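Q: Have a look at this one.
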Amino acid sequence: MRAKIIKEKLGEFYEKLTDGTIDHQLPDGEEIVSSMQRAMLTGPGLIEWFEMCFCPTPLQHERETQYDSYFSEIDTELVHSYGKINGKSFWSYMASMNNRREDA
């Protein structure tokens with residue numbers, strides 16, 4: 002998956018990822034959290050990640066419940082295994098942005 006971050010919504014997304022809101026979402030919350038922990042920043046405002054999904058339309062539920070609120074220009078590509086993505090940790094980036102917001 003590739004997507005562009007909606008920066009104004011990043012704090013809200015990180016809060017939901019870390020407070021259990023998304024983790025408790027059935028059937029895919031745990032996978033969303035795990036996927037975001039693996040996600041990498043690959044360019045300015047761009048992230049890439051691998052995610053397991055069993056929807057007939059790839060990531061339909063994930064997009065309807067979470068991703069379409071926090072990302073734009075979402076691009077999915079079917080792969081059969083996780084690969085390596087070069088970049089910087091998206092999770093660490095969200096944490097640092099959240100810390101800056103709290104310090105302000």
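Counting in the numbering used here, the sequence shown tops out at residue 105, every number present. The beta-carbon is built from N, C-alpha and C at its ideal position, and this holds for glycine as well. Since we're looking at a predicted model, the values are computed, not measured.
Here's the rule I'm using: 16 or more other beta-carbon atoms within 10 Å means buried, otherwise exposed. How should Leu79 be labelled?
A: Here the question's residue 79 lines up with position 78 in the sequence shown. It is exposed - the Cβ of Leu79 has fewer than 16 other Cβ atoms within 10 Å.
Q: Going by beta carbon distance, what residues of the same chain come within less than 8 Å of Val34, once the five residues before and after it are set aside?
A: Taking the sequence shown and counting its residues from 1, one reaches residue 34 at position 33. These residues qualify, in order along the chain: Leu18, Ile23 and Asp24.
Q: In the DSSP output, which residue or residues are listed as bridge partners for Lys89?
A: Taking the first residue of the sequence shown as 1, we reach residue 89 at position 88. Answer by DSSP bridge pairing, in chain order: Leu42.
Q: Along the chain, which unbroken stretches of the alpha helix (DSSP H) at least 4 residues long are found entirely within the stretch 13 to 70?
A: Runs found: 30 to 39.
Q: Is Asn99 closer than 8 Å to Tyr15 when the C-beta atoms are compared?
A: Here residue 15 is taken as the residue at index 14 of the sequence shown, counted from 1. Here residue 99 is taken as the residue at index 98 of the sequence shown, counted from 1. Yes.
Q: Smallest Cα separation from Cys54: which of Ser97, Thr77 and Ile48?
A: Taking the first residue of the sequence shown as position 1, residue 54 is located at position 53. For Cys54, the nearest C-alpha among the options comes from Thr77.
Q: Taking C-alpha atoms, which residue in Tyr68, Gly44 and Ile75 lies nearest to Asp1?
A: The chain is shown from 2 up to 105; residue 1 falls before or after that span and cannot be answered.
Q: For Glu31, is the classification buried or exposed, using 16 other Cβ atoms within 10 angstroms of its Cβ as the cut-off for buried?
A: Within the sequence shown, the letter at position 30 stands for residue 31. Glu31 comes out exposed.
Q: Can you tell me the Cβ-Cβ gap for Lys5 and Glu74, rounded? I've got them flagged as a contact below 8 Å.
A: Residue mapping note: residue 5 aligns to position 4 of the sequence shown, counting from 1. Residue mapping note: residue 74 aligns to position 73 of the sequence shown, counting from 1. With a Cβ gap of about 4 Å, Lys5 and Glu74 count as contacting.
Q: Rounding to the nearest angstrom, what Cα-Cα distance links Met37 and His81 in this structure?
A: Walking along the sequence shown from the start, residue 37 turns up at place 36. Walking along the sequence shown from the start, residue 81 turns up at place 80. Taking the straight line from one Cα to the other gives about 19 Å.
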